[in-house]
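Asker: Sending over a structure as structure tokens; questions will come in a sec.
So, in structure tokens, the structure goes:
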């Protein structure tokens, strides 16, 4: 009796990406795509319905982002095997995805055979981490972590808001905002707000829509 194929759910908001992933997976004799979804919310619903062996999911999606979808799925299905496939390369993006419950993290320029091999390994109980992803996680270990409030302030700085505007938005004093900005610059090892935003975007701490 032949082995049951690995059942994969693909969640990505770009139709071409979903079609490409399906075209890559379906020719493999030991795996099949059981469903696909274009939002995190729809991905959660499809997971409940199909309970696949592997969830392949993007991070940036409408309605419910990938990290929130991963948390929701793992809350209901603690043994879910989830692989993130994303264009985001920042250490903070990778860390958040793994912290939420993803098994591993692949970049969208990963070669098809490496992606297929990773699906097989994760389905078999493995936790493979590609060298480039491991390097970014290692780099993050030596970075001072921003607090949630500092990240909130940094998001507003990235939108071009000045200290007075940030203070009004967050209902805190100008002095408190100045203190947060000073801490942000120190933790990111930068000299000004523009450089802080550039580093934050590169690392995935903030994203500009």
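Numbering (this note's numbering), first residue to last: 1 to 209.
In this text, a Cβ means the ideal position worked out from N, Cα and C, and glycines have one as well.
Three or more C-beta pairs under 8 Å: does that hold for the segment 69-85 against the segment 38-54?
Answerer: Because the criterion of three Cβ pairs below 8 Å is met, the segment 69-85 and the segment 38-54 touch.
Asker: Quick one: is residue 139 buried, meaning 16 or more other Cβ sit within 10 Å of its Cβ, or exposed?
Answerer: If you number the chain shown from 1, residue 139 lands on position 139. Residue 139 is exposed by the Cβ-count criterion.
Asker: Measure the alpha-carbon distance for residue 93 versus residue 160 and round it to whole angstroms.
Answerer: Taking the first residue of the chain shown as 1, we reach residue 93 at position 93. Taking the first residue of the chain shown as 1, we reach residue 160 at position 160. Residue 93 and residue 160: Cα-Cα distance of roughly 22 Å.
Asker: From residue 131 to residue 172, what does the alpha carbon distance come to, in whole angstroms?
Answerer: Translated into positions along the chain shown, residue 131 becomes position 131. Translated into positions along the chain shown, residue 172 becomes position 172. About 42 Å.
Asker: Per DSSP, which residues does residue 147 bridge with? Please list them.
Answerer: Within the chain shown, residue 147 is the residue found at index 147, counting from 1. None; residue 147 has no bridge partner.
Asker: Could you check which residue in 114, 158, 56 and 190 has the C-alpha nearest to that of residue 10?
Answerer: For the purposes of this step, residue 10 is taken as residue 10 along the chain shown, with counting starting at 1. Looking at the Cα atoms, 56 is the closest of the given residues.
Asker: Between the segment 181-194 and the segment 150-165, can you find at least three pairs of beta-carbon atoms closer than 8 Å?
Answerer: In short, these stretches touch, since the Cβ pair count reaches three.
Asker: How would you write the range of the beta strand (DSSP E) that residue 54 sits in, first residue to last?
Answerer: Sequence index remark: in the chain shown, residue 54 carries index 54 (1-based). Segment 54-57, the beta strand (DSSP E) holding residue 54.
Asker: Looking at the secondary structure, which residues open and close the beta strand (DSSP E) in which residue 6 lies?
Answerer: Here residue 6 is taken as the residue at index 6 of the chain shown, counted from 1. Residues 6-11.
Asker: Expressed to the nearest angstrom, what Euclidean distance is found between the alpha-carbon atoms of residue 5 and residue 106?
Answerer: Numbered from its first residue, the chain shown carries residue 5 at position 5. Numbered from its first residue, the chain shown carries residue 106 at position 106. Computed Cα separation, rounded: 22 Å.
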